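Protein chains: 2
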Amino acid sequence: MSAVKVRLSDGFARVAQGLANGRRIELLDLLAQGERPVDEIARALEITIANCSQHLQVLRRAGLVASRRDGNRVWYGLASETVVQLLTMLRDVAFDRSADVRAAAEAYLGGPVEEIDRDELAARLERGEVVLVDVRPHREFVAGHITGALSIPLDELEARLIELPAGLDVVAYCRGRFCAFAEQGVRIIEAAGRRAFRLVEGLPEWRQAGHPVSSAS
Amino acid sequence: MSAVKVRLSDGFARVAQGLANGRRIELLDLLAQGERPVDEIARALEITIANCSQHLQVLRRAGLVASRRDGNRVWYGLASETVVQLLTMLRDVAFDRSADVRAAAEAYLGGPVEEIDRDELAARLERGEVVLVDVRPHREFVAGHITGALSIPLDELEARLIELPAGLDVVAYCRGRFCAFAEQGVRIIEAAGRRAFRLVEGLPEWRQAGHPVSSAS
DNA sequence: ATATTATTCAAGTAATCGCTTGAGGGATTG
DNA sequence: CAATCCCTCAAGCGATTACTTGAATAATAT
């Protein structure tokens, strides 16, 4: 009787176990931007391929990721959109409840920049009041981006500032609340004398809120 | 630079680590019904007090629970309502993504019973169409219950069926979607020839959805 | 003060985790 | 076919986790 309850609770715990490692959190954050083959994930996380593969097996056993084979590559992606919600909530609770996390987040993101939320961005986009820039790597833009956004990866931003239509405020967005790309993008744009905001959340949250998303360039 | 990102991700992971153990999941589920002293938690989980205390320290370090001293007892409770949301989402994702969890849930809860959701219950309560029974232990009812519910703990239900006003459908609820009390309650009530439903969620989700809750008997 | 009750701490042990290294398996290329 | 590329598996390691036992601490009761 109680053994069955233990089995159920252990099952829930196994999913949490998947999230209980910093590298796997980064991995899921990356996969939230679109599926990828193992070697790319390993490179992005700066870990060995064997180590990465093992983390992926743990996540697969936890039911958080799924894989498909294409030729001699294996592509991994999130098992479901609900995984994004879980990850987002985990990070929000961590930020809310842990002073360590808040300190680390500030150290990683740098001081505050002006922010804008999803609904406000949607409204201003509708009215054509802002330029929206996706500062993630181009491949992630191709996999999916906010409809109407320009793709200017962070490391090209300074050189391509001229592409931003003049006379409008600029909004930058990236992978999510705890990704540093948009913050850095905003600083670069502001250094050029333009007013810039960061979208608080990233593409996954935007998609999940039901706002319009496009694929391909 | 990357070291800072590692620190942030590890911080997120530490919170997940708190959830990454079956006993701690049960513990949080219990605390979602109201705060309790250590010895009671240990008894409910059928673990030793020392072991329980150590799990509670892990959860405190993860920022998921908080404690207060009253005389020579220490009462533990969830650190925030958001912890309930996180726990609920974790279990929903686990149920959704893991066949093991679905099998364990079925083994624990037994076959399906008729269900009713929050909004429907709220509407029917409003119209006085149903009797609502809280089948959790009485102390949990006292700590907080759905406004208008009767308290009949599961182990007294069979003997007290007569207290249920005649001529109405009965709805039973308990701690949550993965608590077996309500299922068992529905079976007992149906065995007496009454029509009975189970509220899909429990009190924590009801409260969090903004529906009316009362305290004390 | 002493005894009692409730909780935490410290030490020890078996099991698990995270990583490395090197071998093995699947699929494409030459 | 061999050679190559991509990924997984197996073994081994140091560190961490979950649990037990017994001692230490904190507040109350006698």
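Sequence order for the protein chains is A and B.
Numbering-wise (our numbering), the first sequence opens with residue 40 and increments by one.
Numbering-wise (our numbering), the second sequence opens with residue 40 and increments by one.
Ideal placement from N, C-alpha and C gives every residue a C-beta, glycine not left out.
Since we're looking at a predicted model, the values are computed, not measured.
Delimiting residues of the alpha helix (DSSP H) encompassing R130 (chain B): Here the question's residue 130 (chain B) lines up with position 91 in the second sequence. Unbroken alpha helix (DSSP H) run through R130 (chain B): E120 to R136.
Which chain B residues sit within Cβ distance under 8 angstroms of S41 (chain A)? Your numbering for residue 41 (chain A) matches position 2 in the first sequence. Going along chain B in sequence order, the residues near S41 (chain A) (Cβ under 8 angstroms) are E85.
State the Cα-Cα distance for the pair R99 (chain B) and V225 (chain A), rounded to the nearest angstrom. The count along the second sequence starts at 1 and reaches residue 99 (chain B) at position 60. The count along the first sequence starts at 1 and reaches residue 225 (chain A) at position 186. Going by the C-alpha atoms only, they are around 36 angstroms apart.
How is A235 (chain A) classed by DSSP in three states: helix, strand or coil? Counted from its first residue, the first sequence places residue 235 (chain A) at position 196. In this structure, A235 (chain A) counts as strand in the three-state DSSP scheme.
Using the three-state DSSP reduction, which class does P251 (chain A) fall into: helix, strand or coil? Within the first sequence, the letter at position 212 stands for residue 251 (chain A). Correct three-state label for P251 (chain A): coil.
Cβ contact check for the segment 139-152 of chain B and the segment 122-138 of chain A: 3 or more pairs under 8 angstroms: no
As a quick exercise: from A:S41, A:E65 and A:G73, pick the residue whose alpha carbon is nearest that of R62 (chain B). Position 23 of the second sequence holds residue 62 (chain B). The shortest Cα separation from R62 (chain B) among A:S41, A:E65 and A:G73 belongs to A:S41.
Hey, quick one: how far does the alpha helix (DSSP H) through G116 (chain A) stretch, first residue to last? Residue 116 (chain A) sits at position 77 when you count from the first residue of the first sequence. Counting along the chain, G116 (chain A) falls outside any alpha helix (DSSP H), though it belongs to the beta strand (DSSP E) covering R112 to L117.
Taking only beta carbons into account, state which residues of the segment 106-125 of chain B come closer than 9 angstroms to chain A, listed in chain order. A118, S119, T121, V122, Q124 and L125
Assign A162 (chain A) to one of two classes, buried (16 or more other C-beta atoms within 10 Å of its C-beta) or exposed (fewer than that). Position 123 of the first sequence, counting from 1, holds the residue named residue 162 (chain A). So A162 (chain A) counts as exposed.
By the DSSP assignment, the alpha helix (DSSP H) with E152 (chain A) in it spans what residues? One-based indexing of the first sequence puts residue 152 (chain A) at position 113. A small fix is needed here, since residue 152 (chain A) is Val in this sequence, not Glu. Note, V152 (chain A): premise wrong, no alpha helix (DSSP H); not H, not E.
Run the CB neighbour count on E197 (chain A), radius 10 Å, all protein chains shown included, and call it buried at 16 or more, exposed below. The count along the first sequence starts at 1 and reaches residue 197 (chain A) at position 158. So E197 (chain A) counts as exposed.
For V172 (chain A), name the three-state secondary structure that DSSP assigns. Locating residue 172 (chain A) in the first sequence gives position 133, counting from the first residue. Reduced to three states, the DSSP call for V172 (chain A) is strand.
What does I64 (chain B) reach in chain A if we use C-beta pairs closer than 7 angstroms? For the purposes of this step, residue 64 (chain B) is taken as the residue at position 25 of the second sequence. What I64 (chain B) touches in chain A: S48, F51 and A52.
Quick check on this structure: which residue in B:G215, B:V181 and B:A235 has the alpha carbon closest to the alpha carbon of P204 (chain B)? Taking the second sequence and counting its residues from 1, the one referred to as residue 204 (chain B) is at position 165. Considering only alpha carbons, the answer is B:A235.
Here's the rule I'm using: 16 or more other beta-carbon atoms within 10 Å means buried, otherwise exposed. How should I191 (chain B) be labelled? Counting from 1 along the second sequence, the entry for residue 191 (chain B) is found at position 152. Burial call: buried.
Taking Cβ to Cβ, would you say S106 (chain A) is nearer than 8 angstroms to V113 (chain A)? On the first sequence, position 67 is the one that residue 106 (chain A) refers to. On the first sequence, position 74 is the one that residue 113 (chain A) refers to. Cβ atoms of S106 (chain A) and V113 (chain A): closer than 8 angstroms.
Taking DSSP as the reference, what is the three-state secondary structure of I228 (chain B)? Counting from one through the second sequence, the residue named residue 228 (chain B) turns up at place 189. Helix.
Along chain A, in chain order, which residues have C-beta atoms closer than 7 angstroms to that of V259 (chain B)? Limits of chain B in this structure are 40 at one end and 256 at the other, which puts residue 259 (chain B) out of reach.
Under 8 angstroms, CB to CB, which of the residues in the segment 126-142 of chain B have a partner in chain A? M128, L129, R130, D131, V132, A133, D135, R136, S137, D139 and V140
Please decide whether F217 (chain A) counts as near chain B, where near means a Cβ-Cβ distance under 8 angstroms. By 1-based counting over the first sequence, the position of residue 217 (chain A) is 178. Interface residue, yes.
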